[in-house]
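Okay, so here's the structure we're looking at.
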């Protein structure tokens with residue numbers, strides 16, 4: 159049985175002849191041919207759209223990067239910044255351990271960053287360039303300080319520890335060859351802090367109580383062998399007062415010991431003041447101590463010139479303190495209006511000048527005695543000033559124990575106290591010579607020079 163074939167031919171013919179409708183996507187619209195002008199306009203519009211898209215993509219990319227970078231930067235800065243500490247309760251135990259050097263201990267798990275060191279170096283450099291008292295005697299040193307700034311910046315950037323950083327700062331400051339200009343030691347800081355802590359409104363108080371400063375100085379390692387002031391009787395008739403440093407808060411104790419000594423030996427007519435190794439910056443001690451031993455009231459007037467605003471804090475403190483031995487009207491006269499000629503320094507770098515005076519009224523607690531003063535190669539600053547006051551007012555006999563027979567920068571008599579400023583990140587206080595007296599620089603003149611291993615014994619031999 160065979161199957162019959164079906165005839166599909168008619169169906170195929172029908173399907174072939176049927177017209178399928180086109181989908182919209184298959185509809186091709188044929189436009190009329192565009193003119194060259196229209197084609198150019200169309201291309202310009204397309205290019206403009208592309209530029210807009212590119213700008214949008216670029217803007218979004220930049221915003222995305224900023225959203226990533228800024229929070230990351232803030233987080234890193236927060237973790238590494240030497241943040242200012244809160245204001246602590248100032249008790250005696252906080253500042254108990256003192257020293258005379260700027261060595262520091264561990265910074266509680268974090269050292270200064272390179273950026274912080276460089277920032278402090280910038281503050282140091284700019285402040286000194288604008289305020290340091292320049293004259294003919296230190297121009298060469300000042301120029302060297304300026305020229306070597308980049309060299310020391312590189313050294314400081316590469317310093318590994320805070321200790322290295324502080325040593326480099328001290329080394330850089332020494333280029334100025336100025337004994338007033340140095341890092342304030344912890345012993346001086348603490349003494350000044352205790353003196354100013356009850357003087358509200360004082361610019362000096364603000365510097366000393368800066369939280370960053372307090373945080374730094376309380377962590378400075380205490381030097382084990384700090385020489386203390388002492389009073390004694392030599393050979394039964396010579397009063398000896400040894401002052402290796404000046405602490406204004408120790409004056410009462412020292413004077414009480416002197417009273418006991420002269421009461422025990424009423425025949426004492428000669429005294430030796432030993433200022434060996436004393437390079438203190440504390441003029442407060444000098445003015446208070448000197449009044450007990452000068453033979454007559456001491457007074458000295460000066461006209462001081464200054465270049466920047468740093469000295470103003472000292473002048474403000476003096477003007478506000480009725481008990482200050484220094485006096486000033488603090489007028490800020492313009493140097494450009496100063497008419498007299500000065501031969502030993504150039505007035506051009508200086509902006510202002512003011513009249514100051516130092517007046518020390520004799521205290522009658524002690525009778526006048528013959529005064530001998532001993533210094534050495536390390537004696538400087540306010541110790542030299544004390545020796546000069548006693549020499550001028552009381553005809554003190556001054557002896558220097560040193561190998562070098564020539565005058566040095568250490569022998570200079572500074573007419574006005576140094577200014578202080580703070581390095582923001584490290585919290586160190588820098589002492590800076592900012593005042594230049596109208597008169598020529600003065601240097602302490604010695605009555606005799608010795609070179610002795612036992613200077614007190616040599617002094618006693620001189621007195622005989």
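Residue numbers (the working numbering): 159 to 622. For each residue, glycine too, the CB sits at the ideal point set by N, CA and C. A quick note: this is a predicted structure, and the numbers were derived from the prediction, not measured.
- Rounded to the nearest angstrom, the gap between the Cα atoms of residue 609 and residue 561 is 6 Å.
- Rounded to the nearest whole angstrom, the C-alpha separation of residue 430 and residue 569 is 19 Å.
- In the three-state scheme derived from DSSP, where H, G and I count as helix and E and B as strand, residue 429 is classed as strand.
- Within the same chain, and ignoring the five residues on either side of residue 595 in sequence, the residues whose Cβ sits closer than 6 Å to its Cβ are 460, 462, 573.
- Residue burial is scored here from C-beta neighbours: residue 356 has fewer than 16 other C-beta atoms within 10 angstroms and is therefore classed as exposed.
- By a beta-carbon distance limit of 8 Å, residue 433 does not contact residue 566. Their separation comes to about 15 Å.
- Taking all protein chains shown into account, residue 374 has 16 or more neighbouring C-beta atoms within 10 Å of its C-beta and is therefore buried.
- Between the alpha carbons of residue 440 and residue 540 lies a distance of about 6 Å.
- Our two residues, residue 548 and residue 408, have alpha carbons roughly 20 Å apart in a direct line.
- Between residue 360 and residue 354, the C-beta spacing is below 8 Å.
- In this structure, residue 419 lies away from residue 400, with their beta-carbon atoms at least 8 Å apart.
- A Cβ-Cβ separation of about 11 Å leaves residue 339 out of contact with residue 579 under the 8 Å criterion.
- Rounded to the nearest angstrom, the gap between the Cα atoms of residue 363 and residue 435 is 28 Å.
- For residue 392, the enclosing beta strand (DSSP E) starts and ends at 388-392.
- Taking C-alpha positions only, residue 509 is separated from residue 488 by approximately 14 Å.
- If you look at residue 512, you'll find it in the beta strand (DSSP E) that goes 510-518.
- Boundaries of the alpha helix (DSSP H) harbouring residue 472: 470-478, taken from the DSSP string.
- With respect to the 8 Å criterion, residue 314 and residue 290 are not classified as neighbours on the basis of their beta carbons.
- The residues 291, 336, 338, 339, 576, in chain order, have a CB closer than 6 Å to that of residue 591 in the same chain once the five nearest residues on each side in sequence are set aside.
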